[in-house]
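In our numbering, the protein residues as written are 2 to 432.
Where is the CB? At the ideal position from N, CA and C, for every residue including glycine.
In what follows, a single structure is set out as structure tokens and then discussed.
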């Protein structure tokens, strides 16, 4: 619980995706009531909220009227890049706080803007090629492999690694179609270790709160690979703290970040870091649930407090080296299959080392047939904690043993989980 003075306040969640329902529980434990507004009907979030409104979030005038007529004290969104600027503009019209400006949010909504901002502040990034038409593919001296992405999509949608000019031409068409703006970015492809850095800003004090390693599913044959496991803390935490943290914080401070939570995704090759993407929002892997376990600081809860009061609340000193080991299992579904039953949740919740189960997809959901290699096929995220890396691996195995999603014939709709023997071998470092 944060503060008693939040009791009785009323917050509007804009965009009630399934993975936002945590906010409702966090609000209720602080005595805050929640409304959900978007154009989707009968969603899980709307069924759990105190108030539900079928309103198009992009209709700014309608949203302003709703907030005034229903006497909301604050507005918030999460996990969605496109809604960030909408909520910021809404907050400005209502004279309510929102953590990032529309300009700062471009770090999320435009990969080129993020990259060029990094370059301005000497934050290392992959080499870029300017491709504005298929003709540019053949007229430039491009060193393959490269990777092409829509500048404004998330969850690996529209992304293609390319090893030849003809593959790049096909990838260009795919990325343009996926992009809302029709713009793409082409970069040097770096198939090395991937990490995620979580930063939290509190009244201008920007801290690195967590670094985790990203492990990828290799069973599935797809152009891109979906992550199926995250491990905290990263083997590269000391490297980031020693060589890169100051310049990244300098960049964030330079663009005016004062409050909020954000993440940066990067590749590490040897001692060299390459930052390639940012999210000016909570990350979908729900690091905030691990930070609550580690630091008694739930970032989502504090962002709610900011939306209601203009303050992030209790100031915390973060240590990304962590006192414990943590894993997040991304439970990936097989594209085209339909979930008929879910087993193991009750038993898993009985274990004290289980941090949280965040199920995105329920019974009756069909994993999209075209979702291979993207986080769209992620059905559930499960966090576990341990005092030793050996115990961590044992607990990952226990989750994989107990948690099942089956189709109507009793067959698993899940991809084979990550090989934990490989994981333990990779954990060749200590806390």
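query = How about residue 99 and residue 89: are their beta carbons less than 7 angstroms apart?
reply = yes
query = DSSP on residue 185, reduced to helix/strand/coil?
reply = strand
query = For residue 303, which of helix, strand or coil comes out of DSSP?
reply = helix
key: Distance between residue 256 and residue 341 (C-alpha atoms, nearest Å)   = 47 angstroms
message = Check for me: the beta strand (DSSP E) holding residue 327 runs from which residue to which?
response = 326-333
query = On the three-state DSSP scale, how would you describe residue 126?
reply = coil
inquiry  = What residue range does the alpha helix (DSSP H) around residue 88 cover?
reply    = 84-95
ask   = Quick one: any contact between the stretch 120-134 and the stretch 203-212, if contact means 3 or more CB pairs under 8 angstroms?
value = no
key: Close beta carbons around residue 193, own chain, < 8 angstroms, minus the five adjacent residues each side   = 268, 269, 270
inquiry  = Just to confirm, is the Cβ distance from residue 50 to residue 12 under 7 angstroms?
reply    = no
Outcome for residue 418 when other beta-carbon atoms lying within 10 angstroms are tallied against a minimum of 16 = buried
message = On the DSSP letters alone, give me the boundaries of the alpha helix (DSSP H) that residue 136 sits inside.
response = 135-140
ask   = Does DSSP put residue 213 in a helix, a strand or coil?
value = strand
task = Please state whether DSSP places residue 406 in a helix, a strand or coil.
result = strand
task = Give, in chain order, every unbroken run of the beta strand (DSSP E) that is at least 3 residues long and sits entirely within the stretch 334-371.
result = 342-344, 355-360
query = Run through DSSP, which three-state label would residue 169 get?
reply = helix
key: CB contact flag (residue 397, residue 358, <7 angstroms)   = no
key: Whole-number beta carbon distance between residue 160 and residue 150, since they are thought to touch under 8 angstroms   = 5 angstroms
task = Keeping to the same chain, check which residues put their C-beta closer than 8 angstroms to that of residue 251; ignore five residues upstream and five downstream.
result = 122
request  = Starting from residue 121, follow the alpha helix (DSSP H) in both directions and report where the run begins and ends.
outcome  = 112-121
Contact belief for residue 101 with residue 208 at Cβ below 8 angstroms, rounded distance in angstroms = 17 angstroms between Cβ atoms; not a contact.
query = Distance, Cα to Cα, residue 332 vs residue 63?
reply = 38 angstroms
inquiry  = Checking 7 angstroms against the spacing of the C-beta atoms, do residue 386 and residue 294 come in under that value?
reply    = yes
message = Do residue 327 and residue 216 have their beta-carbon atoms positioned less than 7 angstroms apart in this structure?
response = no
key: the stretch 416-431 contacting the stretch 390-407, beta-carbon criterion three pairs below 8 angstroms   = yes
key: Local conformation of residue 75 per DSSP, three classes   = strand
query = When burial is assigned at 16 or more other CB atoms within 10 Å of the CB, is residue 30 buried or exposed?
reply = exposed
request  = Go through its chain and collect everything with a Cβ distance to residue 195's Cβ below 8 angstroms, but skip five positions before and after it.
outcome  = 214, 215, 217, 228, 266, 267, 268, 269
ask   = Which partner residues of residue 151 appear in the DSSP bridge assignment?
value = 185
task = Give me whichever residues DSSP pairs with residue 232 in a beta bridge.
result = 214, 328
task = Look at the alpha carbon of residue 71 and the alpha carbon of residue 314, and state the distance between them as a whole number of angstroms.
result = 26 angstroms
At least three beta-carbon pairs within less than 8 angstroms, the stretch 399-413 to the stretch 297-317 = no
ask   = Do you know offhand how far residue 308's Cα is from residue 168's?
value = 45 angstroms
task = Run the CB neighbour count on residue 370, radius 10 Å, all protein chains shown included, and call it buried at 16 or more, exposed below.
result = exposed
key: Boundaries of the beta strand (DSSP E) in which residue 316 is found, first to last residue   = Unbroken run through residue 316: none, as it is neither H nor E.
ask   = Taking the beta strand (DSSP E) that residue 37 falls in, what are its first and last residues?
value = 34-39
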